[in-house]
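Chains as they are written, first to last, in my numbering: chain R, 6 to 119; chain Y, 4 to 109. Just so you know, even glycine gets a beta-carbon here, dropped at the ideal spot from N, CA and C. Values in this document were obtained by computation on a predicted structure and should not be read as measured data. Encoded as structure tokens, the structure appears first; notes follow it.
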């Protein structure tokens, strides 16, 4: 069974940094691209980043480009999202998803507030 | 970016009703359209992928259709557990989601 478990969210001040993790199980993690998607409170969903299976390519939404970095450690079956220069508008539930978007984690909440 | 417009934004229906949710893309998305169900406090769950393919474990009362820019999710007989928000999602190019249709019981 595919499982994705996010962690690392929390309450942080504007301008600070945070690193999210997503631990995968139930499939060959090193063979699949992975995504981060977020959902602001009572708002819609926004895709924010993709990393290829071998980290050879990474893509970002314009809203996070230059501030967020997606990475992965295939030896640990773990996906990361490093978030810098956080803004109030980054407040959201952050989900990781497997390449085809069929499987999502339960999410980790990031709140950016002074 | 491809814009996805869902209608209606809120839909009230009765148990047993046939329900149709709509999703319109700002350009042709070549049937790369998924539908997700999201219940309060939960992650989105995939119902339909690539327009009309039922995800494993999803009841057969859910079906999808469409082509080009216009897509539809149909629930043939609404059940109480179907109360949720439904999102369409295109992955023909940079992924984008619709704003959702909130489905309520009348």
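Any Cβ of chain R within less than 7 angstroms of the Cβ of residue 46(Y)?
Within the second chain, the letter at position 43 stands for residue 46(Y). At least one chain R Cβ lies under 7 angstroms of residue 46(Y).
Which chain Y residues are close to residue 52(R), counting only those with a beta carbon under 8 angstroms from its beta carbon?
In the first chain, counting from the first residue as 1, residue 52(R) sits at position 47. Result: 97, 98, 99, 100.
Residues, ordered as in the chain, of the region 91-119 of chain R that lie near chain Y by beta-carbon distance below 7 angstroms:
Against chain Y - using a Cβ distance shorter than 7 angstroms - the residues of the region 91-119 of chain R are 100, 106, 107, 109, 110, 111, 112.
3-residue-minimum beta strand (DSSP E) runs that sit fully inside the region 6-57 of chain R, ordered along the chain:
Counting only runs of 3 or more, we get 8-12, 15-17, 23-30, 39-44, 50-56.
Neighbour list for residue 14(R) in chain Y, Cβ cutoff strictly below 9 angstroms:
By one-based count along the first chain, residue 14(R) stands at place 9. What residue 14(R) touches in chain Y: nothing, since even the nearest Cβ is about 14 angstroms away.
Between the region 16-36 of chain Y and the region 71-78 of chain R, do three or more beta carbon pairs fall short of 8 angstroms?
Taking 8 angstroms as the limit for Cβ pairs, the verdict is that the region 71-78 of chain R does not touch the region 16-36 of chain Y.
Residue(s) in a DSSP beta bridge with residue 16(Y)
As a first step, residue 16(Y) must be located in the second chain, where it is residue number 13. Looking at the DSSP output, residue 16(Y) bridges to 108(Y).
Under 7 angstroms between C-beta atoms, does residue 50(Y) make it to chain R?
The residue you call residue 50(Y) lines up with position 47 of the second chain. Not closer than 7 angstroms to any Cβ of chain R, the Cβ of residue 50(Y) fails to qualify, so no.
Of all Cβ atoms in chain R, is any one closer than 7 angstroms to the Cβ of residue 60(Y)?
As a first step, residue 60(Y) must be located in the second chain, where it is residue number 57. No, because no Cβ of chain R sits closer than 7 angstroms to the Cβ of residue 60(Y).
Is the CB of residue 67(Y) under 7 angstroms away from at least one CB in chain R?
In the second chain, the residue the question calls residue 67(Y) occupies position 64. Not one chain R Cβ lies under 7 angstroms of residue 67(Y).
Are the region 13-32 of chain R and the region 46-61 of chain R touching by the rule of at least three beta carbon pairs closer than 8 angstroms?
Below 8 angstroms, too few C-beta pairs join the region 13-32 of chain R and the region 46-61 of chain R to call them touching: fewer than three.
Any 3 or more C-beta pairs closer than 8 angstroms across the region 50-70 of chain R and the region 6-17 of chain R
The region 50-70 of chain R, when compared against the region 6-17 of chain R, does not touch it at the 8 angstroms Cβ threshold.
Would you verify that the beta carbon of residue 71(Y) is, or is not, closer than 7 angstroms to some beta carbon of chain R?
As a position in the second chain, residue 71(Y) is number 68, starting the count at 1. Taking CB atoms only, residue 71(Y) has no neighbour in chain R less than 7 angstroms away.
What residues of chain R sit near residue 37(Y), judged by a beta carbon separation below 7 angstroms?
Residue 37(Y) sits at position 34 when you count from the first residue of the second chain. By Cβ distance, chain R contributes 106.
Taking a Cβ distance cut-off of 9 angstroms, strictly less, list which residues of the region 28-48 of chain R are near chain Y, in chain order.
For the region 28-48 of chain R, which is checked against every Cβ of chain Y, the residues closer than 9 angstroms are 40, 42, 44, 48.
Could you work out which residues of chain A lie near residue 103(Y), taking near to mean beta carbons separated by less than 7 angstroms?
Absent from the structure is chain A; the protein chains it does hold are R and Y.
To the nearest angstrom, how far is the alpha carbon of residue 47(Y) from that of residue 56(Y)?
As a working note, residue 47(Y) is residue 44 in the second chain. As a working note, residue 56(Y) is residue 53 in the second chain. Computed Cα separation, rounded: 17 angstroms.
If you draw a straight line from the C-alpha of residue 12(R) to the C-alpha of residue 40(R), how long is it?
Walking along the first chain from the start, residue 12(R) turns up at place 7. Walking along the first chain from the start, residue 40(R) turns up at place 35. CA-CA distance, residue 12(R) to residue 40(R), rounds to 15 angstroms.
Can you tell me which of the three DSSP states residue 95(R) falls into?
By one-based count along the first chain, residue 95(R) stands at place 90. The answer is helix: DSSP assigns residue 95(R) an H, G or I state.
Of all the options 53(Y), 72(Y), 106(Y), 59(Y), which has the alpha carbon lying nearest to the alpha carbon of residue 78(Y)?
Taking the first residue of the second chain as 1, we reach residue 78(Y) at position 75. Cα-wise, what sits closest to residue 78(Y) is 106(Y).
What does DSSP give as the partner residues of residue 25(Y) in its beta bridges?
Along the second chain, read from residue 1 onward, the residue named residue 25(Y) stands at position 22. Residue 25(Y) pairs with 10(Y), 75(Y).
Taking DSSP as the reference, what is the three-state secondary structure of residue 134(Y)?
As displayed, chain Y neither begins before 4 nor continues past 109, which places residue 134(Y) out of reach and without an answer.
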